[in-house]
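Structure first, commentary second.
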Amino acid sequence: MSMIFFVLHDPEKLLDLLATWQETGVNGATVLFSTGLGRIHPKEGLRDDIPLIPTLEDFYPDPEHLSRTIFTVISDESLIDKIVAATEKIVGSLNEPNTGLFVVLPTQRVYGLEKRRDQEGE
Numbered sequence: 018m019s020m021i022f023f024v025l026h027d028p029e030k031l032l033d034l035l036a037t038w039q040e041t042g043v044n045g046a047t048v049l050f051s052t053g054l055g056r057i058h059p060k061e062g063l064r065d066d067i068p069l070i071p072t073l074e075d076f077y078p079d080p081e082h083l084s085r086t087i088f089t090v091i092s093d094e095s096l097i098d099k100i101v102a103a104t105e106k107i108v109g110s111l112n113e114p115n116t117g118l119f120v121v122l123p124t125q126r127v128y129g130l131e132k133r134r135d136q137e138g139e
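In terms of the numbering used here, the sequence shown opens at residue 18 and continues consecutively.
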């Protein structure tokens, strides 16, 4: 069993990537907004993009400019190479800049992956 993490740099490719992963055999995935050191710049002085009376949302970067981190757990190890190939079909070679970071980690145990479905009417 393995956990796959993929940091997608271009959020516009997310839906295509998820569809391709599903076609490859990924049954489910979680998607998070994320950013890395390369996109964080120190802010000096007053920010001119914050309104006079800000809300909490005003302090967070625009989601359009954030990466997406997708993670999933797979039990079939033979899918890993297929998922990498499907990912590169959408984003291009992972050896090129600004495509993403693909990480596969061995996973010993997973709880809650297989959910029971209650019988209808029970």
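Note that CB positions come from ideal geometry on N, CA and C, so glycine has one too.
- DSSP places Leu32 in the uninterrupted alpha helix (DSSP H) bounded by 31-41.
- Ser84 sits buried, since 16 or more C-beta atoms from the chains shown fall within 10 Å of its C-beta.
- Where Thr86 is concerned, the enclosing beta strand (DSSP E) starts and stops at 84-91.
- Between Ile91 and Val48, the CB-CB gap reaches or exceeds 8 Å.
- Leu96 and Trp38 have their C-alpha atoms roughly 10 Å apart.
- In the three-state reduction of the DSSP assignment, Pro28 falls in the helix class.
- In the same chain as His26, and ignoring 5 residues on each side of it, the C-beta atoms closer than 7 Å to its own belong to Ser84, Asn115, Thr116, Gly117, in chain order.
- Annotation: His82 to Pro28 spans about 8 Å, alpha carbon to alpha carbon.
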